[in-house]
Amino acid sequence: MKALVFHGPGQTSWQDVPDPSIKDAADAIVRVDAVTICGTDLHIIKGDVPEVTPGRILGHEAVGTIVETGGDVRSVRPGDRVLISCISACGRCRFCREGRYGQCRGGGGWVLGHTIDGTQAEYVRVPFADLSVHPLPSALASHEAVLLADIFPTSYEVGVLNGNVRPGDTVVVVGAGPIGLAAIATAQLYSPSRIIAVDLAASRLAAARDLGADATVSAQEEPEQLVGDLTDGLGADVVIEAVGVPESFEMCTRIVRPGGRVANIGVHGKPAVLHLEDLWIKDVTITTGLVDTHSTPMLLRMMAAGRLPGAAMVTHRFELDQMEEAYDVFSRAGETGALKVVLGGPQHDTLAVPPQEQ
Numbered sequence: 001m002k003a004l005v006f007h008g009p010g011q012t013s014w015q016d017v018p019d020p021s022i023k024d025a026a027d028a029i030v031r032v033d034a035v036t037i038c039g040t041d042l043h044i045i046k047g048d049v050p051e052v053t054p055g056r057i058l059g060h061e062a063v064g065t066i067v068e069t070g071g072d073v074r075s076v077r078p079g080d081r082v083l084i085s086c087i088s089a090c091g092r093c094r095f096c097r098e099g100r101y102g103q104c105r106g107g108g109g110w111v112l113g114h115t116i117d118g119t120q121a122e123y124v125r126v127p128f129a130d131l132s133v134h135p136l137p138s139a140l141a142s143h144e145a146v147l148l149a150d151i152f153p154t155s156y157e158v159g160v161l162n163g164n165v166r167p168g169d170t171v172v173v174v175g176a177g178p179i180g181l182a183a184i185a186t187a188q189l190y191s192p193s194r195i196i197a198v199d200l201a202a203s204r205l206a207a208a209r210d211l212g213a214d215a216t217v218s219a220q221e222e223p224e225q226l227v228g229d230l231t232d233g234l235g236a237d238v239v240i241e242a243v244g245v246p247e248s249f250e251m252c253t254r255i256v257r258p259g260g261r262v263a264n265i266g267v268h269g270k271p272a273v274l275h276l277e278d279l280w281i282k283d284v285t286i287t288t289g290l291v292d293t294h295s296t297p298m299l300l301r302m303m304a305a306g307r308l309p310g311a312a313m314v315t316h317r318f319e320l321d322q323m324e325e326a327y328d329v330f331s332r333a334g335e336t337g338a339l340k341v342v343l344g345g346p347q348h349d350t351l352a353v354p355p356q357e358q
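Numbering (full-length UniProt numbering), first residue to last: 1 to 358.
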């Protein structure tokens with residue numbers, strides 16, 4: 001099959017690789033029908049995630065069709081169309097029993113495209129399939145459903161829930177890329193009084209307004225002043241960091257009010273300064289987190305009911321074999337206006353289902 005392979009910082013290629021196979025009775029093999037690129041993938045290629053070693057197939061988000069299952073898989077069968085979660089869950093360890101699947105210690109957590117081969121390929125092996133894939137309703141288009149693999153549960157759980165967004169809050173989202181936009185969409189479920197979006201790209205600020213931001217400001221135009229003006233100098237109740245660079249994190253800690261919450265979503269590859277000389281007296285709560293995807297079933301129901309934006313966030317579509325072109329467009333989002341890029345492979349009339357062992 002073909003797959004996008006990481007060969008070290010700044011080096012990837014779309015190339016022939018061996019087909020995946022069942023390695024454990026809890027595995028499923030999925031034919032990839034739609035896949036997307038995450039900002040985390042760009043961090044990997046930059047060398048910010050050293051756990052990803054050369055030779056790894058990238059990607060952790062996809063929609064596909066089950067073609068083979070291990071003997072222990074009970075919830076799906078060949079022919080089922082499924083969402084592949086960015087997080088795999090063993091279901092047995094302490095963290096899985098607490099619903100904190102992102103911290104799984106039984107072989108799961110964020111493994112796809114990280115410590116095992118991922119989804120930016122024609123086929124992928126998904127471990128712990130019963131807890132790591134979700135059957136999809138036929139009415140939900142693949143290019144929309146794939147947004148539920150990562151960005152919506154991540155923004156909702158790590159941003160909105162960790163930030164404890166409440167009715168009447170002023171919420172600032174720093175970074176209006178896909179994760180930030182999904183945070184804007186899901187923060188509205190809790191009736192904040194206003195949502196302010198901060199970004200460098202005018203196209204992303206326009207998208208933020210379209211998805212419900214009440215005010216937008218360029219990161220180069222004194223966002224701290226705007227937040228102060230809109231809150232009578234108090235600061236924001238909740239600030240969601242959705243970029244992953246030191247400057248944006250430090251900005252978040254400057255614009256949060258005393259007693260407020262900073263929820264960090266961004267993937268950081270460099271140290272950021274924590275100004276405790278200013279923060280120690282402000283009763284500020286700072287949270288970090290890797291998504292657990294415990295909210296995926298609920299978000300899936302909401303998107304199927306038309307209560308979450310899907311297609312509006314997909315700006316570019318490609319065939320699967322245009323992976324390198326899609327990466328180029330996504331990595332230059334400031335120039336191309338890309339939000340989410342979705343790649344879809346050719347559709348097959350029949351499935352090649354390997355014979356099951358007796």
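In this text, a Cβ means the ideal position worked out from N, Cα and C, and glycines have one as well. In this text, all values refer to a predicted model and were calculated from it rather than measured experimentally.
Through-space distance from residue j to residue i, alpha-carbon basis
| i | j | result |
| --- | --- | --- |
| Pro-135 | Glu-277 | 50 Å |
| Arg-307 | Ala-326 | 28 Å |
| Arg-209 | Ile-184 | 9 Å |
| Val-52 | Thr-296 | 25 Å |
| Val-329 | Gly-118 | 21 Å |
| Phe-318 | Asp-283 | 47 Å |
| Gly-99 | Ser-138 | 28 Å |
| Pro-192 | Asp-16 | 49 Å |
| Pro-5 | Ile-45 | Here residue 5 turns out to be Val, not Pro, going by the sequence shown. Cα to Cα, the separation comes out at about 10 Å. |
| Ala-242 | Asp-80 | 34 Å |
| Ile-66 | Ala-215 | 43 Å |
| Pro-246 | Val-73 | 43 Å |
| Phe-40 | Pro-78 | For the record, residue 40 in the displayed sequence is Thr; it is not Phe. Roughly 30 Å between the two C-alpha positions. |
| Ser-248 | Arg-254 | 10 Å |
| Ala-352 | Ser-21 | Bear in mind that the predicted position of Ala-352 carries a pLDDT of just 48, short of 50, making it unreliable; the figure below should be weighed with that in mind. Each residue's Cα considered, the two are about 13 Å apart. |
| Ser-88 | Met-303 | 22 Å |
| Arg-204 | Pro-223 | 15 Å |
| Ser-13 | Tyr-190 | 43 Å |
| Ala-213 | Pro-167 | 15 Å |
| Thr-115 | Gln-225 | 43 Å |
| Pro-153 | Thr-186 | 9 Å |
| Gly-337 | Val-32 | 26 Å |
| Glu-221 | Cys-252 | 15 Å |
| Gln-188 | Lys-23 | 43 Å |
| Gln-322 | Pro-309 | 25 Å |
Integer-rounded CB distance, given that residue j should sit under 8 Å from residue i
| i | j | result |
| --- | --- | --- |
| Gly-244 | Gly-266 | 3 Å |
| Ala-291 | Val-158 | The identity of residue 291 in the sequence shown is Val, whereas the question assumes Ala. The Cβ separation is near 6 Å, so the contact holds. |
| Thr-293 | Cys-93 | Contact doesn't hold; Cβ gap of about 15 Å is too wide. |
| His-43 | Gly-269 | 6 Å |
| Leu-181 | Leu-211 | 5 Å |
| Gly-55 | Gly-113 | Not really, about 12 Å apart at Cβ, beyond 8 Å. |
| Ala-129 | Gly-71 | At roughly 11 Å, the Cβ-Cβ gap does not stay under 8 Å, so Ala-129 and Gly-71 are not in contact. |
| Asp-27 | Pro-127 | 6 Å |
| Asn-162 | Ala-311 | The Cβ separation is near 27 Å, so there is no contact. |
| Ile-57 | Gln-120 | 6 Å |
| Pro-9 | Gly-64 | About 29 Å separates the two Cβ atoms, so there is no contact after all. |
| Thr-288 | Arg-261 | Wrong, their Cβ atoms sit about 12 Å apart, outside the cutoff. |
Whether residue i touches residue j by CB criterion (9 Å)
| i | j | result |
| --- | --- | --- |
| Ser-218 | Ala-202 | yes |
| residue 376 | Val-273 | The first residue shown for the chain is 1 and the last is 358, placing residue 376 beyond what the model contains. |
| Val-30 | Arg-97 | no |
| Glu-122 | Met-1 | yes |
| Val-76 | Val-133 | yes |
| Leu-83 | Val-146 | yes |
| residue 368 | Gly-233 | Any question about residue 368 goes unanswered here, given that the chain covers just 1 to 358. |
| Ile-195 | Val-173 | yes |
| Tyr-156 | Leu-300 | no |
| Gly-106 | Gly-91 | yes |
| Leu-320 | Pro-178 | no |
| Val-165 | Val-238 | yes |
| Ile-37 | Val-341 | yes |
| Ala-62 | Ala-3 | no |
| Gly-108 | Leu-131 | yes |
| Leu-140 | Gly-334 | no |
Strand pairing of residue i, partner residues [DSSP]
| i | result |
| --- | --- |
| Ala-197 | Val-173 and Thr-216 |
| Leu-4 | Trp-14 |
| Glu-241 | Val-174 and Asn-264 |
| Val-35 | Ala-62 and Leu-343 |
| Ile-29 | Glu-68 and Arg-125 |
| Pro-135 | Val-82 |
| Ala-236 | Val-256 |
Go through the region 273-328 residue by residue and report every complete run of the beta strand (DSSP E) that reaches 3 residues or more, in order. 285-287 and 314-319
Give the list of continuous alpha helix (DSSP H) stretches no shorter than 4 residues that lie fully inside the region 49-118. 94-97
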